[in-house]
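Q: What follows is a single structure, and I will ask about it in a moment.
This is how it looks when you write it as structure tokens:
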């Protein structure tokens, strides 16, 4: 692997000296340690590069712009709403996949994970065809309720939920499979219906998995670009989330784009770190 | 030779309004084709070979693809590879070191990014111009006849974002007409704006005339006078680090030749 | 299975079931009749189908055939949550996120009690089981014995007509087991409806149950009171469980001839197929062939294995007749017993017990 800048290479060199000494002490095998640290560098170096190239002098000016806060607020609100949508529909879906043996379950599971591999832009077009004003479902929403989703904040939430839901479903299903189904049986022998057993026993038992899935989904929704811009368009304050603002700023003003990215990064790190602390205290 | 030219020319002219124009283009092309091919051929018929990489604005896709095929026919042994995209992202990849021979941009502003970075060889030249049109749903159900009509409250209009060339041009046209317009969305490029109308999610979009032409009967174009104030120049330039300079020069020559201009005007572009 | 027991009266009260469950190659087919107030233990080796039978009773495994009636009501098609059945699971399955009190209140709450009512009932149950001090504690902070009692309280709080206990003492260590077993016996004795427990431990079964039903390979091989079964085992498994040497043979007067082995002399006078049983303690070992022994049963054996059994040594013997013998450590030392050693074994006829098959 080639490291792009001198600085990371120097960093890698100092690391190489350090781990060897440490491996002698703690017995971390080198064949694991070296790829692990390379992987870490691979993830961290681009972020460092972003920090290095940040136009710090113009940052205060960039960040005090009302547009930035508008986009940030919209991003946070829509990502949180999308996570809520994922929870409401995704947790029962995960339960169905984990606990009910129905024909074609493997196929359904594959379909659920499809948005993971689908290019988000294609996902956005698919959403337009389904829920757009002229879509196979959307035309009825429009005709019966007068609801059109594209170009609205609700559209942003739907696009984000579409790409984020698989993360939640996979995470929750995994936790459900690992959880002992006999607790549900115990609840049944105590007179609990399947739904009561799910609500009062299973749900609290898999809460950590749900939280982990929700955080993944939230993070995915926060960074969502392709499906959002395709399905919901781009209008400041209504559908222009941070990633869209970053992309469009990049067209003419890369410095502004970096500044915006930095804000997004800082907010995500703050939220994820905050949640992690809470889990550790709970666990 | 003649039959081959006929076959090749049919594609770009698909959907052209007048059959006579096609005939005209046909005769013009066969003659000018031999004209332009004479030059590169004389500069060394066995000399041109290898791959030519052309970075071109998305709106040039149809016409440049045709020209690329012609170029390969004229110069056996060459291969034209295109990368079509938003002019800004293309400019960014060129300044970022992407190996390309030719850059054809949809705006002088994006070309300036490349020339400012010292990545162009020689001064860029304008080879076509593009003007704006309103794309409406087929049959123009909302009876849009002017830029002003787009301000109607229940009309869903999408515009290109001001950061991209078509958006900047739209803004210029709106300013020229003293109009204010609140769209439902500022799309990230002209194709995205057009797609919204094609999918009937939006009622109208302000896009390039070439895009309306390329969309065929999926949209209907409406011309408006303010577009005259927002005509976009398309510059083309040879790149400094071009791996295949000679072939690149020949391709630029083809684009600027009468034959190339016919293909481009067939797609709806204006002459420079 | 031909024995009579209190449950076969004309009354429709109690449990009347024939449980047939097909699971691949395995087929469970067990008939079970239990009167109210009676405690029945399903005893059998691992894989015999005991737990499947229990799950079928609880409605957690569907019946492939047979019937299930409790107090005259058919339950074959009733889902588990609608059956008046309480279950104490092997590892208790106390809900880890709820306190002991809320675990016990879970059942009443599902049956429609308000939160306050359910908690009041739960508190009473915990109190009755001596757990009032632990009501606010989460299951992971309870000792094994306490957890078992909370599980019992949780099952009882739904006021079941059928109480099922799956290996109720298996998760406990030896010391707490003794105390918990005695306590559980008192609680079960006080329980007025049908109780069925599943265990592979004969001692648990004999202490806790009024009647044993021995299941092997999905079938009932024997049932009766603990004393009955201990005296008259009908399979090797039961004999080993109750610690008896058991042989099957043809009786002719005082002599019983096993199919492959030397004849045994008994006190009973019988004819036809019989079982002969005697405890390991009835066996006396000698280094040399005893000359003046009055024992009628004398066999030449080889020591196959030795193990400590309480303060005794249990010797596993092969040879003319496979058997186990118990002797004191002193006696074992004097005899110089070691695996491979040759010994003579004697059993007095008076210490054997023969009974018809």
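Chains as they are written, first to last, in the working numbering: chain A, 1 to 283; chain B, 1001 to 1272; chain C, 2001 to 2357. Don't be surprised by glycine CBs; every beta carbon is placed ideally from N, CA and C. This one's a predicted model, so the numbers in the text were calculated from it and none came from an experiment.
Along chain A, which residues have their Cβ under 7 Å away from the Cβ of residue 2158 of chain C?
A: Within 7 Å Cβ-Cβ: 190 and 191.
Q: By how many angstroms is the C-alpha of residue 2180 of chain C removed from the C-alpha of residue 325 of chain A?
A: As displayed, chain A neither begins before 1 nor continues past 283, which places residue 325 of chain A out of reach and without an answer.
Q: Going by other Cβ atoms of all chains shown within 10 Å of its Cβ, with 16 needed for buried, is residue 2283 of chain C buried or exposed?
A: Buried: at least 16 other Cβ atoms inside 10 Å.
Q: Do we get a CB-CB distance below 8 Å when we pair residue 2077 of chain C with the residues of chain A?
A: Not an interface residue.
Q: Give me, in chain order, the residues of the same chain whose beta-carbon lies closer than 7 Å to that of residue 241 of chain A; leave out the 5 immediate sequence neighbours on both sides.
A: Cβ within range, chain order: 71, 74, 75, 78, 156 and 228.
Q: Let me know if residue 2307 of chain C comes out buried or exposed under the rule of 16 or more other beta-carbons within 10 Å of its beta-carbon.
A: Answer is exposed; the Cβ neighbour count stays below 16.
Q: Do three or more CB pairs link the segment 2061-2073 of chain C to the segment 2100-2118 of chain C at distances below 8 Å?
A: Judged by Cβ distances under 8 Å, the segment 2061-2073 of chain C makes no contact with the segment 2100-2118 of chain C, as fewer than three pairs qualify.
Q: Can you tell me whether residue 1066 of chain B is buried or exposed, with buried defined as 16 or more other CB within 10 angstroms of its CB?
A: Burial call: buried.
Q: Just tell me which of C:2104, C:2223, C:2270 and C:2115 has its CA closest to the CA of residue 2128 of chain C.
A: Checked all of C:2104, C:2223, C:2270 and C:2115; the closest Cα to residue 2128 of chain C is C:2104.
Q: Just checking, does the segment 1209-1221 of chain B make contact with the segment 1128-1138 of chain B on the three C-beta pairs under 8 Å criterion?
A: Contact holds: three or more Cβ-Cβ distances are below 8 Å.
Q: Do residue 2030 of chain C and residue 2196 of chain C have their beta-carbon atoms positioned less than 8 Å apart in this structure?
A: No.
Q: Out of B:1251, B:1260 and B:1157, point me to the one whose CA is closest to residue 1050 of chain B's CA.
A: Considering only alpha carbons, the answer is B:1251.
Q: Just checking: is the beta-carbon of residue 228 of chain A within a distance shorter than 8 Å of some beta-carbon in chain B?
A: Closer than 8 Å: no.
Q: Would the segment 188-202 of chain A and the segment 2080-2096 of chain C be scored as touching if the rule is three or more Cβ pairs under 8 Å?
A: A contact exists between the segment 188-202 of chain A and the segment 2080-2096 of chain C.
Q: Using a Cβ cut-off of 8 Å, pull out every chain A residue sitting near residue 2278 of chain C, in sequence order please.
A: What residue 2278 of chain C touches in chain A: nothing, since even the nearest Cβ is about 43 Å away.
Q: Can you pull the chain C neighbours of residue 204 of chain A, defined as C-beta to C-beta under 9 Å?
A: Ordered by position in chain C, the residues that pass the 9 Å Cβ test against residue 204 of chain A are 2095, 2096, 2097 and 2098.
Q: For residue 1157 of chain B, collect the residues of the same chain with a Cβ closer than 6 Å to its Cβ; drop the 5 residues on either side in sequence, then sort them by chain order.
A: If we look at residue 1157 of chain B and ignore the five residues flanking it on each side, its Cβ neighbours are 1150, 1183 and 1204.
Q: Are there 16 or more other CB atoms within 10 angstroms of the CB of residue 40 of chain A, so buried, or fewer, so exposed?
A: Looking at its Cβ environment, which holds fewer than 16 other Cβ atoms inside 10 Å, residue 40 of chain A is exposed.
Q: Mind checking whether the beta-carbon of residue 261 of chain A lies closer than 7 Å to any heavy atom of the ligand GDP?
A: The ligand content of the structure shown is nil, which means the ligand GDP is not present either.
Q: Verify the CB distance criterion: does residue 91 of chain A have a CB-CB separation below 8 Å to chain C?
A: No - not a single Cβ of chain C is within 8 Å of the one on residue 91 of chain A.
Q: On the three-state DSSP scale, how would you describe residue 1029 of chain B?
A: The predicted model places residue 1029 of chain B with a pLDDT of 40, which falls under 50 and marks its position as unreliable; any figure quoted below should be read in that light. DSSP places residue 1029 of chain B in helix when its eight states are reduced to three.
Q: Quick one: which chain B residues come within Cβ less than 8 Å of residue 235 of chain A?
A: The contacting residues are 1183, 1184, 1185 and 1186.
Q: Using the C-alpha atoms, what's the distance from residue 2118 of chain C back to residue 2124 of chain C?
A: Using only the alpha carbons, I get a separation of about 10 Å.
Q: From C:2085, C:2270 and C:2296, pick the residue whose C-alpha is nearest to that of residue 1984 of chain C; which is it?
A: Outside the shown range of chain C (2001 to 2357) lies residue 1984 of chain C, about which nothing can therefore be said.
Q: How about residue 1158 of chain B: is its C-beta nearer than 8 Å to some C-beta of chain A?
A: Interface residue, yes.
Q: Given a cut-off of 8 Å, decide if residue 190 of chain A and residue 2158 of chain C are closer than it, judged by their beta-carbon atoms.
A: The answer is yes: Cβ separation under 8 Å.
Q: Just the chain A side, please: which residues come within less than 9 Å of residue 2154 of chain C by C-beta, in chain order?
A: Those within 9 Å of residue 2154 of chain C in chain A are 186 and 190.
Q: What's the call for residue 2354 of chain C, buried or exposed, on a 16-neighbour Cβ count within 10 Å?
A: It counts as buried.
Q: Name the chain A residues whose beta carbon is nearer than 8 Å to that of residue 1222 of chain B?
A: Ordered by position in chain A, no residue passes the 8 Å Cβ test against residue 1222 of chain B, which lies about 20 Å from the chain.
Q: Compute the Euclidean distance between the alpha carbons of residue 284 of chain A and residue 224 of chain A, then round it to the nearest angstrom.
A: With chain A covering only 1 through 283, there is no way to say anything about residue 284 of chain A.
Q: Identify each residue in the segment 2099-2114 of chain C for which the Cβ-Cβ distance to at least one residue of chain A is less than 8 Å, and report them in chain order.
A: Hits within the stretch, in order: 2106, 2107, 2110 and 2111.
Q: Does the beta carbon of residue 1088 of chain B come closer than 8 Å to any beta carbon on chain A?
A: Chain A contact via Cβ: present.
Q: Residues of chain A with a CB under 8 Å from the CB of residue 1198 of chain B: which are they?
A: The contacting residues do not exist; residue 1198 of chain B stays about 10 Å from chain A at best.
Q: Output the distance between the C-alpha atoms of residue 32 of chain A and residue 38 of chain A, rounded to the nearest integer angstrom.
A: Computed Cα separation, rounded: 10 Å.
Q: At 4 residues or longer, what runs of the alpha helix (DSSP H) sit wholly inside the segment 1131-1211 of chain B?
A: With a minimum length of 4 residues, the continuous alpha helix (DSSP H) runs that stay inside the segment 1131-1211 of chain B are 1165-1176 and 1190-1198.
Q: What does residue 1083 of chain B pair with, by DSSP beta-bridge criteria?
A: In the DSSP output, where bridge partners are listed per residue, residue 1083 of chain B has B:1055.
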